[in-house]
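Per my numbering, the very first residue in the sequence shown carries number 3; after that it's consecutive. Glycine included, C-beta positions come from ideal geometry on N, C-alpha and C.
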Amino acid sequence: MDKIDKQILTSLQDDARVTIADLADRVSLTSSPCWRRVKALEEGGIIRGYHAELDPRRLGYDVTAFVSVMLENHRVDLGESFEKAVLGIPQVVSCHNVSGRYDFMLEVVATDLEAFGEFARNVLRTLPGVKEIYSSFSLKSIKHQRRLPLP
């Protein structure tokens, strides 16, 4: 990855809807070479997709919880079953297998605390192998970005 690729990535992180012509202007290329570079970044897996950033509060999600999950044991099949189940739950907006006391860290959205409580009881606690959950609630989002620093 060279300097121009990094400029392309920076521009796309700022505005993924930019046209190839405008992107080419920003990085001092013509459209065709710029398009080829973007395609190469996509095919190389550096660009994984293009997404709209939605405001959870405007969609009625006033609660964001970070849920630590401990599984009953560390059997591979149990972890895989848990991961597969989590993938099908839209309220879980991110899931990470983590080190430390807990096995997974989930980011969950809910309309309110009561809805989260019901979700925790009826969904999270019934997931395969769940032994314990511990929830912390976001009081205020200070920094929420998906922009990565480029090496």
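Asked: Simplified DSSP state of VAL69, which is helix, strand or coil; Found: strand
Asked: CA-to-CA distance, SER34 to ARG127, given in whole angstroms; Found: 52 Å
Asked: C-alpha distance - GLU134 paired with VAL20, whole-angstrom precision; Found: 45 Å
Asked: Segment contact, 8 Å Cβ cut-off, at least three pairs: the segment 83-102 with the segment 34-52; Found: no
Asked: Distance, LEU31 Cα to PHE68 Cα; Found: 43 Å
Asked: Start and end residues, beta strand (DSSP E) containing ASN99; Found: 94-99
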